[in-house]
Amino acid sequence: MKICSHLFGLAAMTVVAFSLTQAGAAEPKPVETDMHEFMEYVFQPTYKRLKAAMATEPTENAAWKEIKSTSLILAESGNLLLERAPEKEAAAWDEYSIAVRTLGGDLYHAAKKKDYAAASTSYKAMLQKCNACHDKFAHGEHQLSP
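Rendered as structure tokens:
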């Protein structure tokens, strides 16, 4: 009887430990912790595709699809930036991250409507926030242009 209760206790502890391990795995965890690398491989290629797509008003669905795709990636990446706030100036970092998420989302919604004027306004506003963030956190380097 004692052996059964010990085995039951051990099994229960194993289940709890496994559950806690799985719960921890569901927490956001950056794959790349170096911000320069993160920006270079997540934001930079996406921005370059978006810049090309926004250069002129799209006339084909494929171009609108590119704008929708890249703007949604950038908007959702704003959430990823919130996970990477620096120890100093975290409030400013959060402000810029939220702006990227919001303005990228506005750009996405404008592209869904094929509204180039609204898309262009959101795009330029998002780049201004990106550049302001680069001024504050990257010593003015990596300035973006529409």
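Residue numbers -25 to -1, 1 to 121, in mature numbering (1 follows the signal peptide of the UniProt record, and there is no 0), belong to the letters of the sequence shown in order. Backbone N, C-alpha and C fix where the C-beta goes; we use that ideal spot for every residue, glycine too.
Verify whether the separation of the beta carbon atoms of glycine 79 and alanine 113 is less than 7 Å. Taking the sequence shown and counting its residues from 1, one reaches residue 79 at position 104. Taking the sequence shown and counting its residues from 1, one reaches residue 113 at position 138. No; because the gap between Cβ atoms is not below 7 Å, this pair is not in contact.
DSSP on lysine 63, reduced to helix/strand/coil? For this step, residue 63 is matched to residue 88 along the sequence shown. Correct three-state label for lysine 63: coil.
Any chance the segment 55 to 64 sits against the segment 20 to 37, with 3 or more Cβ pairs inside 8 Å? no
Residue from Ala38, Ala93, Val75 whose Cα sits closest to the Cα of cysteine 105: What you label residue 105 is simply residue 130 of the sequence shown in a count that begins at 1. Residue Val75 is the option with its Cα nearest to cysteine 105.
Taking all protein chains shown into account, decide if threonine 45 is buried (16 or more other Cβ within 10 angstroms of its Cβ) or exposed. Translated into the one-based positions of the sequence shown, residue 45 becomes position 70. Answer is buried; the Cβ neighbour count reaches 16.
State the DSSP-derived secondary structure class of histidine 117, mapped to helix, strand or coil. Sequence index remark: in the sequence shown, residue 117 carries index 142 (1-based). Coil, per DSSP.
Expressed to the nearest angstrom, what Euclidean distance is found between the alpha-carbon atoms of glutamate 15 and serine 72? Within the sequence shown, numbered from 1, the residue matching residue 15 stands at position 40. Within the sequence shown, numbered from 1, the residue matching residue 72 stands at position 97. Going by the C-alpha atoms only, they are around 16 Å apart.
Cβ pair tryptophan 39, alanine 92 closer than 7 Å: Within the sequence shown, the letter at position 64 stands for residue 39. Within the sequence shown, the letter at position 117 stands for residue 92. No, Cβ-Cβ distance for tryptophan 39 and alanine 92 is not below 7 Å.
According to DSSP, is lysine 111 helix, strand or coil? Along the sequence shown, one-based indexing puts residue 111 at 136. Reduced to three states, the DSSP call for lysine 111 is helix.
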